[in-house]
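Numbering (the UniProt record's numbering), first residue to last: 1 to 156.
Quick reminder that beta carbons are idealized off the backbone N, C-alpha and C, glycines included.
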Amino acid sequence: MTRDQMINHILSANVVAKAAAAHGHHPFGAILVSPEDTILMQQGNIDTVHHAETEIARRAATEYAPDFLWKCTLVSTGEPCAMCTGTLYWANIGRLVFGFEEVKLLELTGDHPANPTINLPSRTVLSHGQKKIEVHGPFPEIEEPLVEPHRDFWHR
1 MTRDQMINHI LSANVVAKAA AAHGHHPFGA ILVSPEDTIL MQQGNIDTVH HAETEIARRA
61 ATEYAPDFLW KCTLVSTGEP CAMCTGTLYW ANIGRLVFGF EEVKLLELTG DHPANPTINL
121 PSRTVLSHGQ KKIEVHGPFP EIEEPLVEPH RDFWHR
């Protein structure tokens, strides 16, 4: 997957994030991309424990074989938390692409009770596993449209 493809997919995931926010859910979005660069699934955040990335990885693990998922990419607007990264790992999704870092989210949310962020980067979580999952992100050149839905959401 080229950098331009990654950016386009992150922006597609941001459309999902905005739709989630429009329905009162946390403004995160994720998509699952096939080895042929087609979108297989999309998912917005549902609530504090049903994150977009976790839900899409769980659904993918029930619908696709592990060998196929190893060739797929999970694309997320923000860096997946430790829970989501772990779910991606166990689902056997071989590549992660995200737009902005978890520390940026902490800056936006502060101590919001619905999103008590954990400063544990996805690369750190994955470095403790036995699989070599590819990670790409952040993409500072598109950070602004990705964090835009978060600016007002967490201060309501």
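Helix, strand or coil at residue i [DSSP, three-state]
i: Thr-77; result: strand
i: His-136; result: strand
i: His-150; result: helix
i: Thr-2; result: coil
Cβ shell of residue i (< 7 Å), same chain only, five flanking positions each side left out
i: Ala-19; result: Gly-44
Supposed contact pair residue j and residue i - C-beta distance, whole angstroms, cut 8 Å
i: residue 171; j: Thr-85; result: Since the first residue of the chain shown is 1 and the last is 156, residue 171 is not available in this structure.
i: Val-97; j: His-9; result: 7 Å
Interface flag, residue i vs chain C, CB-CB below 8 Å
i: Ile-118; result: No chain C appears in the structure shown, which is made up of a single protein chain.
Spatial neighbours of residue i in its chain, beta-carbon cut-off 8 Å, leaving aside the 5 residues before and after
i: Ala-89; result: Just to set this straight, residue 89 is Tyr in the shown sequence, not Ala. Around Tyr-89: Val-125, Leu-126, Gly-129, Lys-131 and Ile-133.
Any non-hydrogen atom of the ligand ZN closer than 7 Å to residue i Cβ
i: Trp-154; result: This structure lacks the ligand ZN; in fact it carries no ligand of any kind.
- Quick one: complete beta strand (DSSP E) runs, 3+ long, within the UniProt domain "CMP/dCMP-type deaminase" (4-122)? Counting only unbroken stretches of 3 or more residues, the beta strand (DSSP E) elements lying wholly within the UniProt domain "CMP/dCMP-type deaminase" (4-122) are 29-33, 39-44, 73-78 and 95-100, in sequence order.
- Message: Across the region 53-68 and the region 124-144, are there enough close Cβ pairs to call them in contact, namely three or more that are closer than 8 Å?
- Response: The region 53-68, when compared against the region 124-144, does not touch it at the 8 Å Cβ threshold.
- Segment contact, 8 Å Cβ cut-off, at least three pairs: the region 33-49 with the region 70-78: Contact between the region 33-49 and the region 70-78 is present, because at least three Cβ pairs lie under 8 Å.
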